[in-house]
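Notes for the one structure printed next.
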Amino acid sequence: MCGIREACQKPATVTRPNHFHRYKSTSLSKPVDTSVLYDYEVIQKISIKDKDQPNENWNFEAYAPRIFSRLRLAFGVNESAYVESLSQESLIKGLISGNWKSLQTLHNSGRSGSFIFKTHDDFLYVKSLPLSEWTHFRNILQDYYNYMVKNTDTLLTRFYGLYSITPPPYTDIPMITFIVMENCLSSTLEIDELYDLKGSTVNRSTPMDKRGSGVALKDLDYDLNKRKILIPEQLKRQLYNQIESDTKFLLIRNILDYSLLLGISYGDNLTDQSVINNEKKKSYQSIFQRDNGGTRGTMTRQIHYFFGIIDILTQWDINKMSEYGMKTFLLLQDSTQISAVKPPLYHKRFMDYMDKILKS
52 MCGIREACQK PATVTRPNHF HRYKSTSLSK PVDTSVLYDY EVIQKISIKD KDQPNENWNF
112 EAYAPRIFSR LRLAFGVNES AYVESLSQES LIKGLISGNW KSLQTLHNSG RSGSFIFKTH
172 DDFLYVKSLP LSEWTHFRNI LQDYYNYMVK NTDTLLTRFY GLYSITPPPY TDIPMITFIV
232 MENCLSSTLE IDELYDLKGS TVNRSTPMDK RGSGVALKDL DYDLNKRKIL IPEQLKRQLY
292 NQIESDTKFL LIRNILDYSL LLGISYGDNL TDQSVINNEK KKSYQSIFQR DNGGTRGTMT
352 RQIHYFFGII DILTQWDINK MSEYGMKTFL LLQDSTQISA VKPPLYHKRF MDYMDKILKS
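So in our numbering, spot 265 of the sequence shown is number 316, and the numbers just go up one at a time.
See below:
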């Protein structure tokens, strides 16, 4: 995208507040040098001329660009590879080519005006965020950064950039806040089955008319299909321990509604060349990504498993409390099995389910 490309490749106006109290680390985070703390507050600002209205500007902002550059470096993603993935017109024409009118379509697509796009090479996702999640992520960014660089085998979503775009007034489009993240399913192999697992049972089956290629099934579907994760026992223990560590990080920060995204490939089909080239974009792969981007199964060398913990920015707040009340008191749903429960219960239930599917 125009703004991301400029933010990565050349200097722009940078705002540094005179204070940084908003980003104090928690007691679990080790002290960070003051000069580094400033980097969490830096906002890189770029103005981009409107293609149709030359006197109007689209204001692009990159948040904590140095921090995210270090995160990309920690996971072996260099700047040129990052920019290359985001520099195809077919991704988001309005954001990339300057044909800004198409942003109206983007803004109105999806639930609550959200959008999510995958890059042409299957390497990254660009996802809009509600302001609550976007703000929450900025508040925990220091803790997230410290955890990710010290736990490079983590399954938590790898976020590589946090941005906003403010359209000119004539468009009547509100500010767009979005994030760029790595696709944990990127592989030279086709993903044949996909599951989104939370450990809950209420509404946790994908309707038959919604199923299809690339659509995730859910907990009840996984149980009905009697799938098992057949990987070496030592690696399975490492996987369980990593999931436990990752979700404790989320629990301490009052986060819920996350899922284990599980992809299964039976090794029958290869993806196209653009995805195969992704192996050249990363110099680091976790212990769970070393076989075609995933983990090779034990029963047959063709089966591969892909793991990621996704949707990790939802906080237990007044909205989730209201959802809990509505589902339990008005709809009379099982209060122990709905998604919107307090983080300690959510975490325990999630880990109980991980214990079930990994140790069976």
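Even for Gly, the Cβ is constructed at its ideal location relative to N, Cα and C. If you're wondering where the values come from, they're calculated on a predicted model, not measured in any experiment.
Delimiting residues of the beta strand (DSSP E) encompassing residue i
i	result
residue 277	Unbroken run through residue 277: none, as it is neither H nor E.
residue 112	108 to 114
residue 239	Careful: residue 239 lies outside any beta strand (DSSP E) and carries neither H nor E.
Strand pairing of residue i, partner residues [DSSP]
i	result
residue 346	356
residue 212	231
residue 361	310
residue 244	315
residue 366	306
residue 99	109
residue 207	360
residue 338	Residue 338 pairs with nothing; no bridge assigned.
residue 217	110
Same chain, Cβ closer than 7 Å to residue i, five either side skipped, listed in chain order
i	result
residue 409	280, 287, 290, 291
residue 295	402
Option in the options with minimal Cα separation from residue i
i	options	result
residue 111	310, 229, 403, 356	229
residue 207	219, 213, 298	298
residue 117	95, 106, 133	95
residue 187	178, 205, 365	365
residue 194	217, 88, 316	88
residue 166	172, 175, 173, 180	180
residue 234	270, 250, 172	172
residue 106	318, 221, 190, 392	221
residue 353	92, 239, 190	239
residue 339	226, 205, 273, 272	205
residue 91	103, 344, 119	119
residue 191	257, 256, 363, 404	363
residue 138	275, 115, 169	169
Close-in-space but distant-in-sequence residues of the same chain around residue i (CB under 6 Å, 5 per side omitted)
i	result
residue 245	267, 314
residue 397	307
residue 361	208, 310, 312
residue 420	Absent from the structure is residue 420, since the part of the chain shown begins at 52 and ends at 411.
Close beta carbons around residue i, own chain, < 8 Å, minus the five adjacent residues each side
i	result
residue 108	98, 99, 100, 101, 219
residue 399	none
residue 200	121, 122, 125
residue 282	290, 346, 347, 348, 349, 356
residue 79	In this predicted model, residue 79 has a pLDDT of only 46, less than 50, meaning its place in the structure is not dependable enough to derive any value.
residue 305	366, 367, 394
Unbroken alpha helix (DSSP H) run spanning residue i, endpoints
i	result
residue 167	No alpha helix (DSSP H) holds residue 167; the beta strand (DSSP E) holding it covers 167 to 169.
residue 176	Taken as a continuous stretch (DSSP letters only), residue 176 belongs to no alpha helix (DSSP H), being part of the beta strand (DSSP E) at 175 to 179.
residue 190	182 to 201
residue 269	No alpha helix (DSSP H) holds residue 269; DSSP gives it neither H nor E.
residue 402	394 to 410
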